[in-house]
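Under mature numbering (1 follows the signal peptide of the UniProt record, and there is no 0), the letters of the sequence shown match residues -28 to -1, 1 to 320, in that order. Glycine included, each C-beta is placed from N, C-alpha and C at the ideal position.
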Amino acid sequence: MTENVARRGFLIGGVALVAAGCTSNAPAAAPSSAAPAPAPAAGGNDEPGQKVVIGFSAPAADHGWIAAIAKNAEATAKQYADVEFKPVEPTNDINAQISAVESLIAAKVAALVILPNDGQQLNQVALQAAGAGIPVVNLDRVFPDKLAYRTWIGGDNYGMGVAAGHHVGKKLKDKGIANPVIVEIQGIATLPLTQDRSKGFADALKTYGFSVTAKQDAKFTVETGNQVAASLLQAHKKIDALWNHDDDQGVGVLAAIKEAGRTEFFMVGGAGSLNAMKEIQSGSSVLEATVTYSPTMASSAIKLARLIAQGKGMGDLVENQVPQSITLASETITKENVEKYLPLGFES
């Protein structure tokens, strides 16, 4: 989903923090739990069927979200006796990932699940797989050529912004605040995914008659999140609401807020990390919600690849074939429903 960001440690108020990356390339810490066990599918799709080999390629786990992607894919594959999981070495090198995918094509796997470092640059090797008769499940970062993949599954960046905007807008409206100060901390401003998130946020706020007062990008790192938040807090002596695009960089954002002793506003996060959920669950943090961009999509990608390779459709649908495109909804996690989402959280 986003660019790779190196991890690095630093101190805030004497506390060591670890820099992470954005919600689509995530810290080397492993996710908190394995993929949830699959619910029984209608039509018996989870019953053992034809044995299939599923190849898997993704970037290196230099960020908590990506670490969770890899772990969820492997855990889900292990839940099926008829699946042989064949991952290749994760890498952030484009040429190395191309070579790794080519090795899976040469091995004649039954299906491929690929989260490309860059969809444009890996488009040709995905086309090569399709040309060899290997269906590709394109995970998150989309290949530009639809002929390069059988099915795409990923998150909804615009929907993240919409979900955050509705949570913020409704709460401010209910509180009777006419001209609220709304601050937005982005990931990397130049990325299309960030622009989609910001547009969704602005569009949702507009329905309440509100707009963003100030926004600044924090590069998807804890350190920059801390610096940007500190700067915005100094510039705005009173804030009503803050949306931070990424729960990993949110570790630094929250540290800056606590350091400044600011409690007059509420905050919404993004992605659905376990750290953010625990803050929400505590009820004592300015962070009261986060909108999801869940790495559980990797679990679903494996399940889809298995069905496609076995010539099955999705049991709950009427159609005989798996859909060509699946966009996951961005869900809003609050104190009221956080218990339900905790098993899906990933460590920042």
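CB contact flag (A228, N247, <7 Å): Working through the sequence shown from its first residue, we reach residue 228 at position 256. Working through the sequence shown from its first residue, we reach residue 247 at position 275. No; because the gap between Cβ atoms is not below 7 Å, this pair is not in contact.
Nearest candidate by alpha-carbon position, reference I106, set Q96, A47 and L84: Here residue 106 corresponds to residue number 134 of the sequence shown, with the count starting at 1. Comparing Cα positions, the closest option is L84.
Complete beta strand (DSSP E) runs within the segment 75 to 127 (minimum length 3 residues, chain order): 83 to 86, 108 to 111 and 123 to 126
So what does DSSP say about S5, is it helix, strand or coil? Against the sequence shown, residue 5 aligns to sequence position 33. Bear in mind that the predicted position of S5 carries a pLDDT of just 42, short of 50, making it unreliable; the figure below should be weighed with that in mind. S5 falls in the coil class under three-state DSSP.
Provide the residue span of the beta strand (DSSP E) that contains I149, from first to last. Translated into positions along the sequence shown, residue 149 becomes position 177. Where I149 is concerned, there is no enclosing beta strand (DSSP E), given that its DSSP letter is neither H nor E.
Helix, strand or coil, according to DSSP, for N129 in the structure here? Reading the sequence shown from its first residue, position 157 is the one you call residue 129. It is helical.
CB contact flag (R113, G91, <7 Å): As a position in the sequence shown, residue 113 is number 141, starting the count at 1. As a position in the sequence shown, residue 91 is number 119, starting the count at 1. Yes, the Cβ-Cβ distance between R113 and G91 is below 7 Å.
Look at the alpha carbon of Q69 and the alpha carbon of K209, and state the distance between them as a whole number of angstroms. One-based indexing of the sequence shown puts residue 69 at position 97. One-based indexing of the sequence shown puts residue 209 at position 237. If you take the alpha carbons of Q69 and K209, they lie about 48 Å apart.
Per-residue DSSP class, three states only, for L314: On the sequence shown, residue 314 is found 342 positions in, with the first residue counted as 1. Residue state, collapsed to three classes: helix.
As assigned by DSSP and simplified to three states, the class of L204: The count along the sequence shown starts at 1 and reaches residue 204 at position 232. L204 falls in the helix class under three-state DSSP.
Name the DSSP beta bridge partners of S271, please? Within the sequence shown, residue 271 is the residue found at index 299, counting from 1. BP columns for S271 are empty, so no partner.
Out of Q206, Y180 and Q158, which one is the CA nearest neighbour of T193? Counted from its first residue, the sequence shown places residue 193 at position 221. That would be Q158, whose Cα lies nearest to the Cα of T193.
What distance in whole Å lies between the Cβ atoms of V263 and A136, which are believed to be in contact at a cut-off of 8 Å? Working through the sequence shown from its first residue, we reach residue 136 at position 164. Working through the sequence shown from its first residue, we reach residue 263 at position 291. Indeed, because the Cβ distance is near 5 Å, the residues count as touching under 8 Å.
Between A40 and P267, what straight-line distance do the alpha-carbon atoms span, to the nearest angstrom? By one-based count along the sequence shown, residue 40 stands at place 68. By one-based count along the sequence shown, residue 267 stands at place 295. The alpha-carbon atoms of A40 and P267 are separated by roughly 6 Å.
Among I77, A79, P88 and L76, the one whose alpha carbon lies nearest that of I66: Here residue 66 refers to the residue found at position 94 of the sequence shown. Per the Cα distances, P88.
Start-end ranges of the alpha helix (DSSP H) lying completely within the segment 179 to 237, minimum 4 residues: 194 to 207 and 219 to 232
Under 7 Å Cβ to Cβ from L99, same chain only, skipping five residues before and after it: list those, please. Translated into positions along the sequence shown, residue 99 becomes position 127. These residues qualify, in order along the chain: D117, L119 and A120.
DSSP three-state assignment for T162, whether helix, strand or coil: The sequence position of residue 162 within the sequence shown is 190, counting from 1. If DSSP states are grouped into helix, strand and coil, T162 belongs with coil.
Quick check on DSSP: helix, strand or coil for V73? Numbered from 1 along the sequence shown, position 101 holds the residue referred to as residue 73. Here V73 sits in helix by DSSP.
Can you list the alpha helix (DSSP H) stretches of 4 or more residues lying completely in the segment 249 to 303, in chain order? 269 to 281
Member of K191, V184 and A150 whose CA lies at the smallest distance from the CA of L163: Taking the first residue of the sequence shown as position 1, residue 163 is located at position 191. Residue K191 is the option with its Cα nearest to L163.
Does DSSP put T48 in a helix, in a strand, or in coil? To locate residue 48, count along the sequence shown from 1; it is residue 76. Three-state DSSP puts T48 in a helix.
Expressed to the nearest angstrom, what Euclidean distance is found between the alpha-carbon atoms of S256 and V153? For this step, residue 256 is matched to residue 284 along the sequence shown. For this step, residue 153 is matched to residue 181 along the sequence shown. Their Cα atoms are separated by approximately 22 Å.
From this set, F28, E61, E195 and Y52, which residue's C-alpha is nearest Q282's C-alpha? Residue numbering aside, residue 282 sits at position 310 when the sequence shown is read from its first letter. Answer by Cα proximity: Y52.
Distance, N309 Cα to S75 Cα: One-based indexing of the sequence shown puts residue 75 at position 103. One-based indexing of the sequence shown puts residue 309 at position 337. Going by the C-alpha atoms only, they are around 44 Å apart.
Helix, strand or coil at S170 according to DSSP, with G and I counted as helix: Residue mapping note: residue 170 aligns to position 198 of the sequence shown, counting from 1. Note: S170 maps to helix in three-state DSSP.
Have a look at residue 325 and D18 and give me their C-alpha separation to the nearest angstrom. This structure gives no information on residue 325, because the portion of the chain shown stretches from -28 to 320.
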